[in-house]
Amino acid sequence: MNKTIVYLDNNATTKVHPLVVDAMLPYFKELYFNPGATYQEANLIKNVLDKSRAAIAKFLGAKDADEIIFTGSATESNNLAIQGALKINSSRKHIITTEVEHPSVYSQCKYLEDQGCEVTYLSVSPDGRLDIKELINAIRPDTAIVSIMLANNETGVVFPVESISRVVKLTDDKIIFHTDATQAVGKMNIALNGSFNYVDMLSLSGHKIYAPKGVGVLYWRKQSERAPLIVGGHQEKGLRAGTENIPYIVALGKAIELIDRNMEKYRNEVGDLRDQLEGFIEANIPDVIINGKNCFRLDNTISVSFKGIEGESIVYALNDHGICVSTGSACSSGDLSLSRVIKSIRLPDEYSHGTIRISLGLDTTDLEIEIVKKVLPRVVETLRKISPFYDL
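Sequential numbering of the sequence shown, starting at 27, is according to the numbering used here.
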C-alpha cells in the first residue's frame, strides 16, 4: 500500500495504539500462563486480569470491579445482555428498543420476535432525537428489557440515556435497562455510579478505543439479579465461561488508560477539527444536509447527505485520493438500499442516497482535514455533473 492514507472512519474501527501493542506483546510470549491455574506464574496473570478489570471499572465509574465481564466483542455483549435480561424476567416477553440500534441489538430483536417475544421499536425524529413520551407509552407490565444505545454510530446523535433509564426504572424497577455505549465510550463521560446509576447493563468494544478487535465488555450491575450467560467454566464470576483472552484484556486496560487521559482532546481538538470541516462543507458545497446538526452529538462524527449523487460513489472517489470514509447506505447483491438509520430520519429522496459518514480520531491532523477540504468539493462537483438526478 503506497498511497498516503487519510483515515476518517474511526467509528468503524480505530488503529491499535503503539503503546497498547507494547503492553500486550509479553502475554503472547513469556507471560502465557492460564489465570485459572494455581501455581505462582498463573497467579501473576490473574493479578494482571484483576488489574485490567479494576481499571475499566474505575473508568466507567462502576462500584465494583466484579461488575465488569469480559467478552469477545460489543456484539457479544449486546446479545448476552438481552438474553440475560430475558432469563431473569422469564415471565416477560416484551422488549423495547429503537429503529436505529446497531444490528447486534436490532437483528437480535427481530430474531427474538420469531421466538415469541414482542418488540417495540421506537422511532426517531428527522434530526435523530428520541421521543421520551413514546418510550413511556411503550412500557408494559410484561416489559423485560429496554435497550437503547448511548450514541448512534452513523449520525453521532447522543440519546439521553441518563434520564431515559431513570424513567424506566422508576416506572418498573424489574425492567432491565441496557445501553450499547460502544461509540460513546472514551468520547464522553460515563458515571455508572453517578448520572448513569439507573443503567443495569452497558456494552463496549475495544477496537473503537485503540485496542485490538476481539475484546469487549459487558457491565452488569451487581445489585441487580444476574444469571449465567455461557456455562462450562468458572470464569468471569461464573457468568461467561471460557479462558480469558489475557493479551487482549491487557490491551483493553491499557487503551482505557490512554483514552482516559485524552477525553478533553475529543471535546477540544477533535471537536474543533470536526466543526471546521463541517462548516467548510456547508459553506462551500451547495445542497447538503448535516444529519443531527441541532442535536447533542459525538464530537468526532459528521453524517452529511449530498443532493443528487450516490454515497458509494463519493466513498470510492475519495478513496482514489487516499481518503477513507464510509457510507450511510449499503450495496448488497447489486441492489442499492438505504441504511436503517437514514431511513429512520426520513431524509428527502434526493438526499438520502448521497449520505456519507466522516468520523475523526485522536490522531486526526489539521493537514488531513485540509486535504479533505481540497478534494471533497471537486469530487461532489464531478459526480453531480455526470448524475442524471442532480438537476432534476
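For each residue, glycine too, the CB sits at the ideal point set by N, CA and C.
Fair warning: this is a prediction, and the values are worked out from it, not measured in the lab.
Between S250 and D226, the beta carbon gap of about 5 Å places them in contact (Cβ cut-off 8 Å). Here the C-alpha atom of I412 lies approximately 21 Å from the C-alpha atom of I315. Between T146 and I171, the CB-CB gap reaches or exceeds 9 Å. If you draw a straight line from the Cα of F85 to the Cα of S130, it is about 24 Å long. Classified as exposed, A309 has fewer than 16 neighbouring CB atoms from the shown chains inside 10 Å of its CB.
For A170, the uninterrupted beta strand (DSSP E) run begins and ends at T169 to S173, by DSSP.
For the beta strand (DSSP E) assignment, the uninterrupted runs of no fewer than 3 residues enclosed by the stretch 93-178 are, from N- to C-terminal side, 94-97, 120-124, 144-148 and 169-173. In this structure N73 is exposed. Its beta-carbon is surrounded by fewer than 16 other beta-carbon atoms within 10 angstroms. For T39, no beta strand (DSSP E) encloses it, and the DSSP letter there is neither H nor E. Taken atom to atom, the span from the alpha-carbon of D392 to that of L402 is near 15 Å. In the DSSP assignment, the residues bridged to D206 are S229. The beta carbon of R79 lies closer than 6 Å to those of A91 and I94 in the same chain, with the five residues before and after it left out. Rounded to whole angstroms, N104 and D206 show a C-alpha spacing of 7 Å. Put simply, the backbone Cα of N317 is about 30 Å away from that of E139. Rounded to whole angstroms, the gap between the alpha carbons of S329 and E56 is 45 Å. In the DSSP assignment, I384 falls within the unbroken beta strand (DSSP E) covering T381 to S385. For F332, the enclosing beta strand (DSSP E) begins and ends at T327 to F332. Around the beta carbon of H260, fewer than 16 other beta carbons lie within 10 angstroms, which makes this residue exposed.
No Cβ-Cβ contact shorter than 9 Å links L373 with I256. Fully contained in the stretch 275-345 are the following alpha helix (DSSP H) runs of length 4 or more, in chain order: 297-310 and 337-345. With 16 or more neighbouring CB atoms inside 10 Å of its own CB, R300 falls in the buried class. Cβ contact annotation for A277 (same chain, cutoff 8 Å, sequence separation greater than five): V42, V46, V47, A49, M50, G232, A237, P238 and V241, in chain order.
Three or more beta-carbon pairs separated by less than 8 Å link the stretch 325-339 to the stretch 378-397, which places the two stretches in contact. About 13 Å separates the Cβ atoms of G380 and E407, ruling out a contact at the 8 Å cut-off.
By the neighbour-count definition (other C-beta atoms within 10 Å, threshold 16), Y33 is a buried residue.
Within the same chain, G334 come within 6 Å of F415 by CB-CB distance, once the 5 residues on both sides are set aside.
Judged by beta-carbon spacing, Q209 lies within the 9 Å limit of N37, meaning their Cβ atoms are closer than that value. For the options K280, A68 and L244, the alpha carbon positioned closest to that of R266 is the one of L244. Taking a 10 Å sphere around the C-beta of R247, we find 16 or more other C-beta atoms and assign the residue as buried.
Inter-segment contact for the stretch 152-165 and the stretch 181-195 is present: three or more beta-carbon pairs are separated by less than 8 Å. Rounded to whole angstroms, the separation of the alpha carbons of H128 and G348 is 28 Å. Per DSSP, the continuous beta strand (DSSP E) segment holding L244 begins and ends at G242 to W246.
By the criterion of a C-beta distance shorter than 7 Å, E304 is surrounded in its chain by I316 and I328, once the five residues flanking it on both sides are discounted.
Taking a 10 Å sphere around the C-beta of A281, we find 16 or more other C-beta atoms and assign the residue as buried. Taking N178 as the centre and dropping the five residues before and after it, the same chain places the C-beta of V126 closer than 6 Å to its C-beta, in chain order. The Cβ neighbour count for T390, taken over all protein chains shown within 10 Å, is at least 16; the residue is labelled buried.
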